Amino acid sequence: MTALSLAHLTALDVAPPALFDLAAATGYQSVGIRILPAAPGAVAYALTPATLATWRARARDAGVGVYDVEFIPLTPDVQVEAYAPTLALAAELGAQRLNVSGDDTDFARLVDRFGVICDLAGQFGLVVDLEFMRFRVLANLGQAVALVTKAGRANGKVLLDLLHFHRSGGTAEQLAATPGELFGSVQLCDARLADPGDAAIVAEAREGRLLPGEGELPLLDYLNALPLDIPMGVEVPTAATHPAWDAHERAQRASAAARAVLAARQPAR
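Residue numbering for the sequence shown follows the working numbering, starting at 173 and increasing by one per position.
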C-alpha cells in the first residue's frame, strides 16, 4: 500500500495535535504541517519548544509521522539563517522535509538562497522541496528543475503539485523527460480542465480543488510518467467546491479517492 501524507492545506482548519488524530482516522500514514505562514498573516501553527513535546507525543500515540513542514517563500529579503531554530524543532518533531517557494526575480540570487537553505536544512537531516506555482515568480517545472540543478544540492528537490503543474502548462511528456531523482514529492488533487484565469487561479488552489479522479485533469498520464516510488501527499482544500464537508469528511474522501487513482497506475519507470 502506498503511504499517503495529509497535506495541511486539505484540513488547515485543524490545528496540531488534533491533526495527527484526524490523519490516523482517515487513512493517512503521515501529515504535513503549516508551521510558517505561506504569506504574511496567513494561517499557520507555530512549532515552539512549548508545543513540541505535546505534538510529538500525540503523533506517536496516533501512529502518524510528520512528512513535511511548510512554508518558506524565498523572497529577495529572506533571512535564511533565522529559520535555524524552527528547523531544529521540526527535526526533533520527526519531520523529513521542508517546503519552500521561489519568489525572487533575480535567478542567481534565488539559486544561492536555495542552496543556503538546503545546506541549513541538511544540518538537521531535512530535504528541501521547491514548489512552483503559476502565480509565483518560480512558475513552472522547467524553472524549478533549472534552479534545483543549478544549486546542485543532494537534498534539494522539486515538489510536484499536480494542479500547479497542469495550470502552468505541464505535460506528461515533460515529466517523463525529467530525471526522476529531481522529484522529491507529489501532491495529488484534481480540478476542472478549464483554466480559471489569472484572477481566480489563487482561489482555486486554496479552496477550489476536487478529489483525485473527480475532475478532468489527466492524473494517470502524469502519474504514469513518474517513478513509482515518489512519496505521495494529498492536498485537496474544498471550501468552495464542497463547502458542506467538515475536515473529517474532506480528509477521508480525499484519501479514498487518492488510493483509487493510485491503484490504477501503470508507471513506465
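Just so it is clear, CB atoms sit at the ideal spot from N, CA and C, and this is done for glycine as well. Predicted, not measured: the structure shown is a model, and the values here were computed from it.
With a cut-off of 8 Å on Cβ pairs, the region 238-246 is in contact with the region 192-209, counting three or more such pairs. Taking a contact to require three or more Cβ pairs closer than 8 Å, the region 390-398 and the region 414-429 do not qualify as touching. Sequence-distant Cβ neighbours of A260 in its own chain, meaning closer than 7 Å and more than five residues away, are F296. The straight-line gap separating the alpha-carbon atoms of L191 and H180 is approximately 8 Å. Beta-bridge analysis with DSSP links G405 to S177 and Q359. Note on V215: under 16 other CB atoms within 10 angstroms of its CB, so exposed under the neighbour-count rule. For I205, the uninterrupted beta strand (DSSP E) run begins and ends at S202 to R206, by DSSP. For L282, the enclosing alpha helix (DSSP H) starts and ends at F279 to G294. Beta-bridge partners assigned by DSSP to G237: S202. With fewer than 16 other CB atoms across the displayed protein chains lying within 10 angstroms of its CB, T226 is exposed. Secondary structure at L191: helix, using DSSP grouped into helix, strand and coil.
The Cβ atoms of V433 and P390 lie no closer than 9 Å to each other.
Contact annotation: the region 349-362 touches the region 323-338, with at least three C-beta pairs closer than 8 Å. Boundaries cannot be given for S340, as no alpha helix (DSSP H) includes it and DSSP labels it neither H nor E.
Sequence-distant partners of I402 (beyond 5 residues in either direction) whose C-beta falls short of 6 Å from its own C-beta, in its chain, are F355 and V358. Look at D301 here: in three-state DSSP terms it is strand. Remark: C-beta atoms of R306 and R339 approach each other more closely than 9 Å.
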